[in-house]
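Engineer: In our numbering, the protein residues as written are 46 to 186. From the three backbone atoms N, C-alpha and C, an ideal C-beta is built for every residue, glycine too. Sharing a structure, written as structure tokens. Questions coming.
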């Protein structure tokens with residue numbers, strides 16, 4: 046199946062009262078429901094999404110010519126299980142996740158993750174959202 050993942054950062058300043066009074070309860074240009082949203086279109090066919098609510102995500106890379114591998118605990122892991130058995134991981138710190146929804150249709154699967162509006166975060170690579178307090182101190186300059 047084709048898979049799309051959408052991540053929404055809620056807008057702290059959204060006013061439901063203003064929306065109700067002026068826009069039939071809907072958001073408007075000056076009263077947005079989300080600060081931003083990311084959409085990822087997964088290039089491999091996905092047969093299912095497995096959710097691990099208190100998982101560990103391992104961030105790997107290179108810093109200053111040295112390889113690193115750091116564990117980030119207390120994350121929601123969204124394991125996208127490919128038709129070929131491969132696993133693509135998306136992750137959000139638990140403190141960021143307000144709710145998530147997985148919609149399975151015959152030809153598509155959609156993941157929507159709604160994130161806390163007040164929690165500062167970093168997005169080191171697409172599909173990975175880490176609360177600032179959870180980010181490994183060894184990787185901060």
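Quick one: what does DSSP say residue 146 is sitting in, helix, strand or coil?
Structural biologist: To locate residue 146, count along the chain shown from 1; it is residue 101. Reduced to three states, the DSSP call for residue 146 is strand.
Engineer: Does the pairing of the segment 99-119 with the segment 79-89 give three or more beta-carbon distances under 8 Å?
Structural biologist: Segments in contact, no.
Engineer: Return the residue from the list 53, 46, 171 that minimises the CA-CA distance to residue 163.
Structural biologist: Mapped onto the chain shown, residue 163 falls at position 118. Considering only alpha carbons, the answer is 53.
Engineer: Bridge partners of residue 86, per DSSP?
Structural biologist: The residue you call residue 86 lines up with position 41 of the chain shown. Beta-bridge pairing links residue 86 to 49.
Engineer: Between the Cα of residue 136 and the Cα atoms of 150, 156, 152, 127, which residue gives the shortest distance?
Structural biologist: In the chain shown, counting from the first residue as 1, residue 136 sits at position 91. Minimum Cα distance to residue 136 is reached at 156.
Engineer: Tell me, to the nearest whole angstrom, how far the beta carbon of residue 114 is from that of residue 179; I am working on the premise that it is less than 8 Å.
Structural biologist: Within the chain shown, the letter at position 69 stands for residue 114. Within the chain shown, the letter at position 134 stands for residue 179. At roughly 16 Å, the Cβ-Cβ gap does not stay under 8 Å, so residue 114 and residue 179 are not in contact.
Engineer: What does a CB cutoff of less than 8 Å around residue 1 pick up in its chain, not counting 5 residues either side in sequence?
Structural biologist: This structure leaves residue 1 out entirely; the chain is present only between 46 and 186.
Engineer: Going by beta carbon distance, what residues of the same chain come within less than 8 Å of residue 153, once the five residues before and after it are set aside?
Structural biologist: Along the chain shown, one-based indexing puts residue 153 at 108. Only 46, 47, 48, 49 meet the Cβ criterion.
Engineer: Could you tell me whether the Cβ atoms of residue 174 and residue 122 are closer together than 8 Å?
Structural biologist: Mapped onto the chain shown, residue 174 falls at position 129. Mapped onto the chain shown, residue 122 falls at position 77. Result no, Cβ atoms of residue 174 and residue 122 do not sit closer than 8 Å.
Engineer: Expressed to the nearest angstrom, what Euclidean distance is found between the alpha-carbon atoms of residue 119 and residue 97?
Structural biologist: On the chain shown, position 74 is the one that residue 119 refers to. On the chain shown, position 52 is the one that residue 97 refers to. Their Cα atoms are separated by approximately 10 Å.
Engineer: Quick check on residue 93: does DSSP put it in helix, strand or coil?
Structural biologist: If you number the chain shown from 1, residue 93 lands on position 48. Note: residue 93 maps to strand in three-state DSSP.
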